[in-house]
Ligand SMILES: [Zn+2]
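Numbering (UniProt numbering), first residue to last: 1 to 333.
Below you can see the structure in the form of C-alpha cells.
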C-alpha cells in the first residue's frame, strides 16, 4: 500500500486505510500528502525527521526519490528505526506539473501571515497551514528527539553547483555533523541566508530549532526524465536517518560555502537584469559590472569584490526578490 500512496495522492484518490503495518513498524496517513512512519523499535540515535517534496509542484526528482524510499521501506530493504514525517507539498500543482497554482507556496510558512495582511487568495495559504500544523504535531509527538527537516527541491535553471543546500536564517546553530553528512550526500555548495525568509525549512528551524535545509537536487524535469542515480548518496543519507543510524560523513571542504550579501529587489515597472536569462546559478560577476537597473532603485553595480548570482528572475512582482547576490566564505569548523 505504501508504495501506491504516491500514485494515489497524485491521482487525487484517498487510500482505503488510514493506518497500516510495515516490515519494521507502521504508518499513519494524517491527511492528503501527510504520511508518518513509526518504528516498532526506535533506535537510540534516532532523530525526528521531516522529509518534504513537491513544495513546488513541478520539481519531480525529489518526489521520485520519496517514491523509491517508500518502495524500499515496504520491501523491508530499509529498517524503519526513527519517527519520520513524509510530506508532499503542493498537490494540485503536482497534478498539473506546475510550480504553483496561484502563488509560490514556499514563502507562506509564517504563523502570523494573516496579521501581516499578506495572505494571498487561493489554495496555497491553506496548504501552508496544513503543513505547518503537521510539522507542529509531529515534533510535539516526538519532543525528546533531535529535530531534522530536509525540504527537497530542484532548481529552474542550470547551476555551477547542481546540488546545493540553502541554510535558512534563524537563531539555531547548525551542528558540524550536518556539513559532513551533506558532503557525503553529494551536495556541492551551501548558501547561508542573511535574513528571515518564510520558506518551509525556515519554518522548522525558526519555530522548532530543527536542523533544517532547503536542498536543491539538480534541475527541474518532468516525471520519468530524472536521473536518480546521481541522487544515490542523498538517498543513503535519508535512509540512514529513517533507520535511526548515524549517517556517513564526508569532507565539508569538498563543498563551496557562500553567504548572501544582498538581495536585488524589483522596485518598479522599469526593471531589468543585465545578464543573460539562462545564466546558471552561482555565475560570478567582476567588480564594476552593472547587474540590474531599476527606475526607482537605480543601477546595481558590483563593488568591493566579485559577486555571484543565485535564483535570478526579472519577472517577479514589484517588491519581490529578483536575485540573491552571494559571496564565497570559508568552510565552517
Ligand atoms: Zn523549489
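For glycine and all other residues, C-beta sits at the position ideal for the given N, C-alpha and C.
Sub-8 Å separation of residue i and residue j beta-carbons
i	j	result
residue 99	residue 280	no
residue 74	residue 22	yes
residue 327	residue 261	yes
residue 189	residue 258	yes
residue 322	residue 266	yes
residue 147	residue 210	yes
residue 84	residue 153	no
residue 167	residue 206	no
residue 222	residue 332	no
residue 268	residue 236	no
residue 82	residue 325	no
residue 204	residue 135	yes
Distance between beta carbons of residue j and residue i, contact taken as under 8 Å
i	j	result
residue 106	residue 199	5 Å
residue 248	residue 184	5 Å
residue 274	residue 254	With 8 Å as the limit, residue 274 and residue 254 do not qualify as a contact, their Cβ atoms being about 33 Å apart.
residue 51	residue 88	About 10 Å separates the two Cβ atoms, so there is no contact after all.
residue 287	residue 303	6 Å
residue 155	residue 219	6 Å
residue 149	residue 53	Between residue 53 and residue 149 the Cβ distance is about 12 Å, and since that is not below 8 Å, they are no contact.
residue 142	residue 169	Not quite, the Cβ-Cβ distance comes to about 25 Å (not below 8 Å), so this is no contact.
Residue i versus the options, residue with shortest Cα-Cα distance
i	options	result
residue 344	310, 243, 300	Residue 344 cannot be examined here, being either before or after the span of the chain that is shown, 1 to 333.
residue 208	140, 175, 232, 155	140
residue 66	36, 40, 93, 92	36
residue 318	288, 302, 283, 272	272
residue 13	325, 91, 24, 219	91
residue 18	29, 120, 24	29
residue 122	268, 101, 138, 137	101
residue 79	43, 16, 186	43
residue 226	60, 301, 167	60
residue 289	308, 114, 277	308
residue 57	34, 97, 25	97
residue 33	4, 47, 310	4
residue 20	6, 38, 11, 7	38
residue 217	7, 54, 315, 164	164
residue 31	179, 311, 250, 130	130
residue 108	197, 172, 159	197
residue 151	256, 49, 94	49
residue 159	316, 330, 310	310
residue 46	27, 161, 145, 11	145
residue 282	161, 172, 234, 187	161
residue 16	26, 2, 24	2
residue 234	256, 181, 278	181
residue 278	70, 291, 312	312
Helix, strand or coil at residue i [DSSP, three-state]
i	result
residue 304	coil
residue 235	helix
residue 220	coil
residue 271	strand
residue 258	strand
residue 192	strand
residue 29	strand
residue 299	strand
residue 312	coil
residue 48	strand
residue 2	helix
residue 142	coil
residue 421	In the structure as shown, the chain begins at 1 and stops at 333. Residue 421 is therefore absent and cannot be evaluated.
residue 177	helix
residue 149	strand
residue 294	strand
residue 279	coil
residue 68	helix
residue 318	coil
residue 20	strand
residue 204	helix
residue 79	coil
residue 55	coil
residue 92	helix
Residue i: CB within 7 Å of a non-hydrogen atom of ligand 3
i	result
residue 167	Of the ligands this structure carries, namely ligand 1, none is ligand 3.
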